[in-house]
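Student: First, the structure itself, so that you have it in front of you.
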Amino acid sequence: MLQVCPNGARTRDECSSLPLSPAELAAEAARAVAAGAEDVHLHPKDAEGADTLEPSAVARAVTAVRRAVPARVRIGVTTGAWAAPDPVRRAALVRSWPVLPDHASVNWHEEGAEEVAGALLERGIGVEAGIWSGTDGARRFRASPLAGRVLRVLAEVTDTDPATASGTASALLAELPGDLSAPVLLHGEDGGAWPVLRLAARLGLDTRIGLEDVLSLPDGSPAADNAAVVRAARALLEAERR
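Heads up, my numbering is the position in the sequence shown plus 645, with the first residue counted as 1.
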């Protein structure tokens with residue numbers, strides 16, 4: 646499965662074409678799905694362009710994207726602590742969402758991860774367990790009573806050095822529970838994004854790509870939009886299968 650992550654916590658200062666509004670997210674998601682993406686991971690934004698978990702913003706973003714892509718495409722959102730630092734409030738916001746995404750990511754190294762994941766599960770929202778390299782997320786996840794209830798594990802490689810990111814990815818995968826039944830989505834970021842995507846392809850794992858993770862194509866040229874990086878990712882995945 647190839648997921649697209651159209652915006653992330655980035656700003657327009659980093660990428661002038663970054664989609665922020667619900668309409669922009671919908672248009673980008675539609676083009677990315679047409680290019681080969683099968684799932685969408687969104688960061689709803691407030692009026693200033695910052696990540697938010699506020700009910701109205703989540704509802705507008707999810708509704709707009711859901712209308713723009715085929716029904717088979719699942720839509721998820723972030724619950725990153727930077728959007729709502731207090732974990733009690735973060736869980737309360739999840740419980741107040743009037744429009745539900747299909748899934749939401751929870752970074753297991755963040756305080757309150759289990760409370761937020763529990764709130765998602767209460768509402769029937771799938772949990773993507775974010776396990777970041779360089780954190781104690783894998784250890785916490787192995788000990789979590791919710792580990793067997795997640796939709797998938799997002800193994801996120803924060804090593805941005807293209808020379809070492811694949812090795813960091815392999816080490817991160819080795820930290821995951823040996824009896825894990827959920828699928829693993831392996832991805833990197835910035836300089837590590839394309840090497841880690843290639844590793845995911847070789848291992849037959851789900852992966853993701855988009856302007857959240859990388860702003861350039863495999864040849865180093867700037868990416869015009871999310872569809873461009875999805876097309877490049879799809880070409881790499883197909884080449885690996887051959």
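The beta carbon of each residue, even a glycine, is placed where N, CA and C say it ideally should be.
Since the model is a prediction, treat every value here as computed from it, not as a measurement.
Assign residue 797 to one of three DSSP states: helix, strand, or coil.
Tutor: Residue numbering aside, residue 797 sits at position 152 when the sequence shown is read from its first letter. Three-state DSSP puts residue 797 in a strand.
Student: So for residue 714, helix, strand or coil by DSSP?
Tutor: Position 69 of the sequence shown holds residue 714. Here residue 714 sits in coil by DSSP.
Student: Terminal residues of the continuous alpha helix (DSSP H) containing residue 830?
Tutor: Translated into positions along the sequence shown, residue 830 becomes position 185. It is not in any alpha helix (DSSP H) - residue 830 instead sits in the beta strand (DSSP E) that spans 829-832.
Student: Please classify residue 867: does DSSP put it in a helix, a strand, or coil?
Tutor: Translated into positions along the sequence shown, residue 867 becomes position 222. Of the three classes helix, strand and coil, the one that applies to residue 867 here is strand, per DSSP.
Student: Report yes or no: do three or more beta-carbon pairs, one from the region 770-780 and one from the region 802-815, lie closer than 8 Å?
Tutor: Short answer: they touch.
Student: Under the three-state reduction of DSSP, which class applies to residue 708: helix, strand or coil?
Tutor: Start at 1 with the first residue of the sequence shown, and residue 708 comes out as number 63. In the structure shown, residue 708 sits in a helix (DSSP, three-state: H, G or I).
Student: Per DSSP, residue 751 is paired with what?
Tutor: One-based indexing of the sequence shown puts residue 751 at position 106. According to DSSP, residue 751 bridges with 774.
Student: Using DSSP with H/G/I as helix, E/B as strand and the rest coil, what is residue 813?
Tutor: On the sequence shown, residue 813 is found 168 positions in, with the first residue counted as 1. Note: residue 813 maps to helix in three-state DSSP.
Student: Taking the alpha-carbon positions, what's the residue 676 to residue 651 distance?
Tutor: Within the sequence shown, the letter at position 31 stands for residue 676. Within the sequence shown, the letter at position 6 stands for residue 651. Roughly 11 Å between the two C-alpha positions.
Student: Report back the beta-carbon spacing between residue 708 and residue 749 to the nearest angstrom; my notes put them in contact at under 8 Å.
Tutor: Here residue 708 refers to the residue found at position 63 when the sequence shown is read from its first residue. Here residue 749 refers to the residue found at position 104 when the sequence shown is read from its first residue. With 8 Å as the limit, residue 708 and residue 749 do not qualify as a contact, their Cβ atoms being about 15 Å apart.
Student: So, using beta-carbon positions, are residue 851 and residue 829 closer together than 9 Å?
Tutor: Translated into the one-based positions of the sequence shown, residue 851 becomes position 206. Translated into the one-based positions of the sequence shown, residue 829 becomes position 184. Cβ atoms of residue 851 and residue 829: closer than 9 Å.
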